[in-house]
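Asker: Residue numbers (the working numbering): 26 to 85.
#1: Helix or strand or just coil, what does DSSP make of residue 30?
#2: State buried or exposed for residue 69, treating a residue as buried only when at least 16 other CB atoms are found within 10 Å of its CB.
#3: I'd like to check one pair, residue 76 with residue 51: are the Cβ atoms closer than 8 Å?
#4: Can you give the beta carbon distance from residue 47 to residue 37, rounded, assuming they're within the 8 Å contact cut?
#5: Around the Cβ of residue 35, are there at least 16 other Cβ atoms within 10 angstroms (buried) or fewer (exposed)?
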């Protein structure tokens, strides 16, 4: 966990099932506003198709 003090965690979902958690944070106490959460959600949304491809290859 890299000794993170301030953390935001965004679930990556597929059909209401959590596939992974996108985690980000700071080692110092930091106030994270809605802007940071929205940015993290946007990155998680972009990552989810790649995560699905990776998971499907692992099952094959």
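Ideal Cβ placement from N, Cα and C applies to all residues, glycine included.
Answerer: Let me lay it out:
#1: In the chain shown, counting from the first residue as 1, residue 30 sits at position 5. Three-state DSSP puts residue 30 in coil, outside helix and strand.
#2: By one-based count along the chain shown, residue 69 stands at place 44. Under this definition residue 69 is a buried residue.
#3: As a first step, residue 51 is located in the chain shown; it is residue number 26 there, counting from the start. As a first step, residue 76 is located in the chain shown; it is residue number 51 there, counting from the start. Contact: no.
#4: Along the chain shown, one-based indexing puts residue 47 at 22. Along the chain shown, one-based indexing puts residue 37 at 12. Contact flag correct, Cβ pair sits at about 6 Å.
#5: Translated into positions along the chain shown, residue 35 becomes position 10. Flag for residue 35 reads buried.
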